[in-house]
Every structure is written in C-alpha cells, then in structure tokens.
Amino acid sequence: MTDPNTLASARYIFTTGRKVHDLVQQTITAACMAEGDDHRFGELSSSQMNMVLMIRVREAVSVTQLAALLSVSPPSVSTMVDRLVERGLLTRTPSSEDRRKVVIRVSTEAIEEISRVEEKVLGAFVRLVEAVGPKTTQMWCEVLDRVKDVLEKNNHLST
C-alpha cells in the first residue's frame with residue numbers, strides 16, 4: 001500500500017504537470033491557428049502533432065522505435081506516418097544500415113514551421129519563468145534534472 005503522503009505528492013505533481021502540458025498544447029494550437037489555413041499543421045490531431053514533435057526531437061526514428069515511444073502497434077504508426085508524409089510533414093528514406101528498414105524524419109519544409117511553433121512555446125515558458133522568479137526557476141531546473149536522470153535510467157516506471 002502506498003504511503004498517503006507519497007500518494008498526495010504524486011497526485012499534486014501529476015495535476016500540476018497536466019497544467020504545464022495544457023499550456024504547451026494550447027500554445028501549439030494557438031500558434032498553428034495563427035499560421036493560417038495554408039499552414040502544414042492545420043487540422044492535425046494532437047496524436048499526429050505529438051508524433052511530429054517526437055520525431056523532431058530525435059531527428060530520425062524507425063517505425064518500430066516510434067511505435068515503442070507512442071505505445072502503439074507498428075502498423076498504426078505506419079498508417080499515421082503515411083498520412084503525414086502525404087501532407088509533407090515527414091519523409092521516409094531507406095536506412096543506410098539496413099535495407100529492410102525505413103528512417104522517418106521531419107521534412108525540411110516542415111522544420112521551419114515547427115521552429116516558429118516552438119518559438120511560441122518557448123515564449124510561453126519564458127513568461128512562466130519570469131512569473132515564478134529566478135529562485136524558483138533555479139529550484140525547478142534542479143528538480144527537473146533529477147527527474148530527467150531517473151526517467152532516463154528507469155524506463156520501466158511507466159508500467
């Protein structure tokens with residue numbers, strides 16, 4: 001049985017993390033809408049946008065890697081990737097290491113648009129950091145460093 005204090009802390013971290021996630025999602029949505037109807041990201045689902053941003057961070061992934069990251073089947077990922085390739089957001093290229101594999105990347109054309117969206121998200125975080133102040137920001141960064149270390153060392157935490 002989980003200690004009540006641990007459970008209360010976990011619940012608080014979860015709900016506050018959700019608010020940060022919502023800030024990111026709302027900023028991305030607003031940035032995409034501000035780009036206009038011709039924007040490559042117009043009418044993307046949050047799952048599709050999440051996929052594009054995951055690939056952007058990693059630069060290149062295989063369908064299998066992407067399926068594991070998203071916790072979905074490779075055929076589902078492949079279908080989503082096909083749609084995003086058709087929209088010009090992603091590219092599929094044969095792997096230089098294994099002919100049977102395909103490498104998925106964000107298209108060159110989409111990177112510029114993603115960069116503009118990322119700048120708006122960064123702006124939202126700048127405003128948040130300014131609002132909480134330098135001392136709290138420093139503590140937040142220290143906590144996030146520790147969280148990042150734990151997550152990188154313990155991939156099994158999600159199960």
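Sequential numbering from 1 applies to the sequence shown in UniProt numbering. The beta-carbon is built from N, C-alpha and C at its ideal position, and this holds for glycine as well.
8 Å contact criterion, which residue i and residue j should meet: CB distance rounded
i   : j    : result
A31 : K120 : 4 Å
M33 : M51  : Going by Cβ atoms, the distance from M33 to M51 rounds to 20 Å, so no, they are not a contact pair.
Within 8 Å, strictly: CB atoms of residue i and residue j
i    : j    : result
I111 : L90  : no
V77  : L70  : yes
T27  : A131 : no
Burial state of residue i (16 or more Cβ within 10 Å)
i    : result
A113 : Note that residue 113 is Glu in the sequence shown, not Ala. The residue is buried, with at least 16 neighbouring Cβ atoms inside 10 Å.
V20  : exposed
L44  : buried
Contact set for residue i: own chain, Cβ-Cβ below 6 Å, skip 5 residues either direction
i    : result
S62  : K101
V129 : T137
L151 : none
When the options are compared against residue i, the one with the closest alpha-carbon
i    : options             : result
T108 : Y12, L7, T29, R56   : R56
G88  : S96, Y12, Q48, G123 : Q48
Same chain only: Cβ atoms within 7 Å of residue i, ignoring 5 sequence neighbours per side
i   : result
V24 : V121
Close-in-space but distant-in-sequence residues of the same chain around residue i (CB under 8 Å, 5 per side omitted)
i   : result
S73 : A67
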